[in-house]
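Position one of the sequence shown corresponds to residue 695 (my numbering), numbered consecutively onward.
Don't be surprised by glycine CBs; every beta carbon is placed ideally from N, CA and C.
Reading through the structure tokens given below for one structure.
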Amino acid sequence: EIVEWSLTSKRDRLRKNVGLGGADQVLYSQDSSRIYFTTRGTISSWDFMDPDAEFETFASIPRRCEALRADSDGLLALTEGGYLSRYNYSGELKSRLRLGNAALFDLAENLALLTSGGSVTIVDTATARRIGFFSEFNKGQGWVAVDSVGRFDGNEEGFKRLAFDLGNQTYPLSAFFNKYYQPGILKDILEVEVGTRSLPTLSATNVQKPPSVSISEPASGEVIQTRDLKVTVKVEDEGSGVSEVSLFHNGHRLPDSSMKKIDGGYQFEVKAVRGTNDIYASAFTGDRSMEARRARIRVTAPELETRKPRLHLLTVGVDEYKSGLALKFAEDDATAISKTLNSDLYEVGERRNLTNQEATLSGILQAVREISQAAEPQDAFVVYLAGHGTVIAGEYYFLPHDAEVVSDQSLASSSLSAESLAEALRAVPATKQLLVLDSCHSGAAAPILGKAVAARSGLEEIRSQQMLARTSGTFLIAATQAEAFAYEIPELKHGVLTYALLEGLGLIEGEKSKDEVTANGLLQSVSNRVPELSEQYIRERQQVIQYSSGQDFPLTR
695 EIVEWSLTSK RDRLRKNVGL GGADQVLYSQ DSSRIYFTTR GTISSWDFMD PDAEFETFAS
755 IPRRCEALRA DSDGLLALTE GGYLSRYNYS GELKSRLRLG NAALFDLAEN LALLTSGGSV
815 TIVDTATARR IGFFSEFNKG QGWVAVDSVG RFDGNEEGFK RLAFDLGNQT YPLSAFFNKY
875 YQPGILKDIL EVEVGTRSLP TLSATNVQKP PSVSISEPAS GEVIQTRDLK VTVKVEDEGS
935 GVSEVSLFHN GHRLPDSSMK KIDGGYQFEV KAVRGTNDIY ASAFTGDRSM EARRARIRVT
995 APELETRKPR LHLLTVGVDE YKSGLALKFA EDDATAISKT LNSDLYEVGE RRNLTNQEAT
1055 LSGILQAVRE ISQAAEPQDA FVVYLAGHGT VIAGEYYFLP HDAEVVSDQS LASSSLSAES
1115 LAEALRAVPA TKQLLVLDSC HSGAAAPILG KAVAARSGLE EIRSQQMLAR TSGTFLIAAT
1175 QAEAFAYEIP ELKHGVLTYA LLEGLGLIEG EKSKDEVTAN GLLQSVSNRV PELSEQYIRE
1235 RQQVIQYSSG QDFPLTR
């Protein structure tokens, strides 16, 4: 029977026998004029306003109905085997999509969300096509969202768990990072938008064949006795050209100056460290749109004699700008990090704290060069930048004290670009590197910067900062702020990110952490605390961009 029950009188208002087996699914039409229900193989309709009206066959369905929904265009039925069928209100089948084993999770305007095995497939019900999916891994530690074109977003844990299967070839997501990585793509999917960058749909017919990369010497597993190591990399063009051949040592990318072209390949000069040396080689297609499958080796140097590791530190904080821009806590934040970040795990290395007038573009780059001359591969290098930041033509820029904000061109030429920063970090031999970007878009700066800061997309900033970390092989922590807003909290006497950073390192109020804090541990701690602190003090959850590169390493204990 179909029974309509009154919640007011707590009595049934009507009953109708539907025969043996009963109904699988029952719902009102969107205008509440009819009731639709399913039995095996049939969707029926009933004009329940007329108690004597008979059931009418609305449409045939292939199997038992597991979910039935109504919207302004008609009915959507999910049947056994994962068939999603769209019918108009005349009962005509408009489309049918085979989705496999799936359950209807929700139905919103133009969207159907179907769950299966920890993934959510998102379907545009108007066109009956898949427009994307979302998957989570390892109890939510990893996630990936992909749209129908192939653009994707997620985190490193998720990227490791998912691959593209194109033409019977499997490619890691990282192979397409340069071209198809699109922060915020899940929002575009759910709003049925085309995304901010128009790209061809990723398929077996248009995927390029990346070069093949191999390491011919030394052999993986080899035990080495000397510090100077020559690594020979062979790269074969498979038809799409070759560019950006590079080598990473324990996650840190070596500078181009360490490479020379030789017959049959490339040779890199590597300074080995005591213990494990993980090395991988990479290359891209000629247009840099696709990365080759990386070649990896591991060699050990158990008896290598090296000096004790040192911790090098560069902190930059800009409150006062030549152009008139201003912040409140950048100088204090940088100084606090400079004074308190010490570690019993390392000898004291080169330390530079540049604030306000000292923090010019040339001053920052000169400080990195000086640290580069003193650093060795076993060392750690922490870079902290606090001040204004912006995005121009898709690239992130940190604004030094002497940034010129007259135009995009003057701003770009006088600021520290992500590309320049990545190149500078590659030149520092320390393989353990952490970059902290605490740059903000201040509302007070908007009248001066105009479009240069206030109207830039935060998603472009995320993409550029991620590219910076990947191309330099650096651990990254970066604050993401709403446009035209700076998260500086007077009660904390620091920016939110810096406070969470000091807290994670056990440096608040001079209390040292009792436990060892590693780079990955700090990334996790800051990622948890920043949203909590920002919600507590400004009632808005600020998020953190993070990237892990190579081997985790200890910072303090």
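Self-check item: Cutoff 6 Å; reference alanine 869; Cβ partners in own chain excluding five residues on either side
Solution: Within the sequence shown, numbered from 1, the residue matching residue 869 stands at position 175. Correct list, in chain order: Met984 and Glu985.
Quiz prompt | Own chain residues within Cβ distance below 7 Å of methionine 1161, not counting five before or after | solution = Residue mapping note: residue 1161 aligns to position 467 of the sequence shown, counting from 1. For methionine 1161, where only same-chain residues beyond five positions count, the Cβ hits under 7 Å are Ala1112.
Quiz item: Which same chain residues, not among the five before or five after phenylalanine 1260, have their C-beta less than 7 Å away from its C-beta?
Solution: Past the boundaries of the shown model lies residue 1260; the chain is included only from 695 to 1251, so the question cannot be answered.
Quiz item: On the three-state DSSP scale, how would you describe proline 894?
Solution: Looking up residue 894 in the sequence shown gives position 200. Coil, per DSSP.
Quiz item: Could you give the residue range of the alpha helix (DSSP H) that holds proline 1225?
Solution: Start at 1 with the first residue of the sequence shown, and residue 1225 comes out as number 531. Start and end: 1213-1232.
Quiz item: So who's on the other strand from tyrosine 1116, going by DSSP bridges?
Solution: Here residue 1116 is taken as the residue at index 422 of the sequence shown, counted from 1. The identity of residue 1116 in the sequence shown is alanine, whereas the question assumes tyrosine. Answer is none; alanine 1116 lacks a bridge partner.
Exercise. Using three-state DSSP, classify leucine 1110 as helix, strand or coil.
Key: Position 416 of the sequence shown, counted from the first residue, corresponds to residue 1110. It is a strand residue.
Quiz item: Nearest CA to the CA of serine 723: which residue from Arg734, Arg757, Asp746 and Gly785?
Solution: Your numbering for residue 723 matches position 29 in the sequence shown. For the residues Arg734, Arg757, Asp746 and Gly785, the minimum Cα distance to serine 723 belongs to Gly785.
Exercise. Using DSSP bridges, identify the partner residues of lysine 1126.
Key: Indexing the sequence shown from 1 puts residue 1126 at position 432. DSSP output for lysine 1126 lists Ala1074 as bridge partner(s).
Quiz prompt | Candidates Asp718, Glu695 and Trp740: closest to valine 712 by CA position | solution = For this step, residue 712 is matched to residue 18 along the sequence shown. For the residues Asp718, Glu695 and Trp740, the minimum Cα distance to valine 712 belongs to Glu695.
Quiz item: Relative to the alpha-carbon of glutamate 1025, which residue among Lys1016, Ala1053, Gln1236 and Val1238 has its alpha-carbon at the smallest distance?
Solution: The sequence position of residue 1025 within the sequence shown is 331, counting from 1. Ranking the options by Cα distance to glutamate 1025, first place goes to Ala1053.
Practice problem: Assign threonine 899 to buried or exposed, taking buried as 16 or more other Cβ atoms, counted over all protein chains shown, within 10 Å of its Cβ. | Solution: Counting from one through the sequence shown, the residue named residue 899 turns up at place 205. Its Cβ having fewer than 16 others within 10 Å, threonine 899 is exposed.
Self-check item: Cβ-based burial, threonine 1250 [other Cβ within 10 Å; buried from 16]
Solution: For this step, residue 1250 is matched to residue 556 along the sequence shown. Answer is buried; the Cβ neighbour count reaches 16.
Quiz item: Does the stretch 1058-1068 come close enough to the stretch 1030-1048 to have 3 or more Cβ pairs within less than 8 Å?
Solution: yes
Self-check item: Segment contact, 8 Å Cβ cut-off, at least three pairs: the stretch 1020-1038 with the stretch 1090-1099
Solution: no
Self-check item: Burial state of lysine 1145 (16 or more Cβ within 10 Å)
Solution: Start at 1 with the first residue of the sequence shown, and residue 1145 comes out as number 451. Because the pLDDT at lysine 1145 is just 36, under 50, the model does not fix this residue reliably, and the value given afterwards should be weighed accordingly. That one is exposed.
Exercise. Determine the burial state of leucine 701: buried for a count of at least 16 other Cβ atoms within 10 Å of its Cβ, exposed for fewer.
Key: Reading the sequence shown from its first residue, position 7 is the one you call residue 701. That one is exposed.
Self-check item: Residues bridged to valine 993 (per DSSP)
Solution: Sequence index remark: in the sequence shown, residue 993 carries index 299 (1-based). According to DSSP, which records beta bridges pairwise, valine 993 is partnered with Asn971.
Exercise. Flag this pair as touching only if the stretch 984-1003 and the stretch 955-962 have three or more C-beta atom pairs under 8 Å; answer yes or no.
Key: no
Practice problem: Mark proline 905 as exposed unless 16 or more other C-beta atoms lie within 10 angstroms of its C-beta, in which case mark it buried. | Solution: Your numbering for residue 905 matches position 211 in the sequence shown. Looking at its Cβ environment, which holds 16 or more other Cβ atoms inside 10 Å, proline 905 is buried.
Quiz item: Anyone know if the C-beta pair for valine 925 and alanine 977 falls short of 9 Å?
Solution: Residue numbering aside, residue 925 sits at position 231 when the sequence shown is read from its first letter. Residue numbering aside, residue 977 sits at position 283 when the sequence shown is read from its first letter. In this structure, alanine 977 does not lie closer than 9 Å to valine 925 by Cβ.
Quiz item: Going by other Cβ atoms of all chains shown within 10 Å of its Cβ, with 16 needed for buried, is asparagine 971 buried or exposed?
Solution: Counting from one through the sequence shown, the residue named residue 971 turns up at place 277. Asparagine 971 is buried by the Cβ-count criterion.
Self-check item: Contact under 9 Å by Cβ, tyrosine 777 with leucine 762
Solution: Locating residue 777 in the sequence shown gives position 83, where the first residue counts as 1. Locating residue 762 in the sequence shown gives position 68, where the first residue counts as 1. Their beta carbons are not under 9 Å apart, which means tyrosine 777 does not touch leucine 762 by this criterion.
Quiz item: Going straight from the alpha carbon of leucine 1216 to that of isoleucine 973, what length do you get?
Solution: The residue labelled residue 1216 in the question sits at position 522 within the sequence shown. The residue labelled residue 973 in the question sits at position 279 within the sequence shown. Distance between the alpha carbons of leucine 1216 and isoleucine 973: 25 Å.
Quiz item: Applying the criterion that 16 or more other CB atoms from any shown protein chain within 10 Å of the CB defines a buried residue, is asparagine 944 buried or exposed?
Solution: Within the sequence shown, the letter at position 250 stands for residue 944. Answer is buried; the Cβ neighbour count reaches 16.
Quiz item: Taking Cβ positions, are alanine 1074 and proline 1003 nearer each other than 9 Å?
Solution: Numbered from its first residue, the sequence shown carries residue 1074 at position 380. Numbered from its first residue, the sequence shown carries residue 1003 at position 309. Cβ atoms of alanine 1074 and proline 1003: closer than 9 Å.
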